[in-house]
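Here is the structure we will look at, set down as structure tokens.
Okay, structure coming up:
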């Protein structure tokens with residue numbers, strides 16, 4: 001199997017990291033998860049605790065070994081967190097740039113994992129946060145959104161970044177927040193930006209129950225319907241071989257689209 005390298009973008013707090021960790025846990029072959037969000041919480045439920053970030057490690061050691069930044073997680077996952085500066089100090093995207101350079105330098109990909117997932121903050125697709133696409137670390141992109149205004153607004157901005165960087169958009173993941181007409185809203189949005197909905201994740205209290213234990217839903221509730229949904233999502237992502245260049249909406253088009261549902 002050829003290594004599949006994907007980047008998952010989404011507004012902060014939309015459930016992007018939860019989605020990443022659960023699809024990684026749902027995949028039974030080797031998976032490398034790279035957290036590119038300054039919150040550094042992508043891999044907590046895979047490893048069972050927060051792991052030291054690359055930036056934190058570099059503050060103490062300029063030449064770390066592979067085992068100082070790479071950690072093993074649930075179900076054959078390998079986990080890394082890029083990290084970020086202290087709040088209010090420096091560029092939050094810097095951690096992504098530094099992390100990618102270091103991972104290349106120390107041969108972090110030498111084991112050739114089957115699936116590489118970058119979890120990327122998508123409120124603004126610029127600077128360090130564009131690195132997985134700009135430097136071609138990721139071959140395809142998926143956007144996580146709900147049917148809420150700010151989440152869709154961020155998704156549209158992410159689509160603008162993907163278009164500018166000539167990235168391959170594989171689809172939209174609807175992480176439901178129980179908004180009225182949510183699936184219909186997200187489905188129409190996907191169509192308007194020349195994409196499709198590749199997965200619908202219903203809201204479930206199993207997510208929070210699992211995260212209280214620092215576990216994924218896959219580990220805590222392996223027989224649940226929610227686990228089946230994550231497994232189906234990763235299967236559909238792996239099977240994707242058709243991509244689009246998004247056609248993001250202009251501001252007035254976006255407002256007209258969204259408020260047609262109000």
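Residue numbers (my numbering): 1 to 262.
Beta carbons are placed, not taken as given, at the ideal position from N, Cα and C, and that holds for glycine.
Predicted model only: the values in this text are computed from it and were never measured.
In DSSP terms, what residue i is bridged to
| i | result |
| --- | --- |
| residue 7 | 118, 141 |
| residue 169 | 141, 244 |
| residue 175 | 201 |
| residue 71 | 79 |
Closest by C-alpha distance to residue i, when choosing among the options
| i | options | result |
| --- | --- | --- |
| residue 74 | 47, 147, 257, 60 | 47 |
| residue 190 | 144, 201, 213 | 144 |
| residue 184 | 158, 106, 146, 236 | 146 |
| residue 115 | 13, 101, 137 | 137 |
| residue 37 | 204, 80, 197, 192 | 80 |
| residue 263 | 78, 168, 54, 14 | Residue coverage of the chain in this structure runs from 1 to 262, which leaves residue 263 outside it and unanswerable. |
| residue 83 | 261, 96, 76 | 96 |
| residue 188 | 68, 256, 54, 14 | 256 |
| residue 225 | 239, 242, 203, 241 | 203 |
| residue 19 | 42, 99, 64 | 42 |
Three-way DSSP call (helix, strand, coil) for residue i in this model
| i | result |
| --- | --- |
| residue 186 | helix |
| residue 95 | helix |
| residue 107 | coil |
| residue 42 | coil |
| residue 32 | strand |
| residue 80 | strand |
| residue 153 | helix |
| residue 259 | helix |
| residue 271 | Since the first and last residues shown for the chain are 1 and 262, residue 271 lies out of range. |
| residue 180 | coil |
| residue 50 | coil |
| residue 63 | coil |
| residue 208 | helix |
| residue 221 | coil |
| residue 147 | coil |
| residue 19 | helix |
| residue 196 | coil |
| residue 37 | coil |
| residue 252 | helix |
| residue 161 | helix |
Buried versus exposed, by CB contacts within 10 Å (16 or more), residue i
| i | result |
| --- | --- |
| residue 222 | exposed |
| residue 133 | buried |
| residue 62 | exposed |
| residue 155 | buried |
| residue 234 | buried |
| residue 110 | exposed |
| residue 113 | buried |
| residue 140 | buried |
| residue 166 | exposed |
| residue 21 | buried |
| residue 263 | What is shown of the chain runs 1 to 262, which leaves residue 263 out entirely. |
| residue 66 | exposed |
Residue i: CB within 6 Å of a non-hydrogen atom of the ligand FAD
| i | result |
| --- | --- |
| residue 141 | This structure does not include the ligand FAD; it has no bound ligands of any sort. |
Sufficient close CB pairs (3 or more, under 8 Å) joining the region 198-217 to the region 21-28: Result yes; three or more Cβ-Cβ pairs closer than 8 Å.
The region 236-254 contacting the region 54-72, beta-carbon criterion three pairs below 8 Å: Not touching, per the Cβ criterion.
Validate contact between the region 204-213 and the region 2-10 using beta carbons, cut 8 Å, 3 pairs: The region 204-213 vs the region 2-10: no contact.
Stretch-stretch touch, CB-based, cutoff 8 Å, three pairs: the region 223-230 with the region 168-181: In the pairwise beta carbon analysis, the region 223-230 is classified as not touching the region 168-181: fewer than three pairs are separated by under 8 Å.
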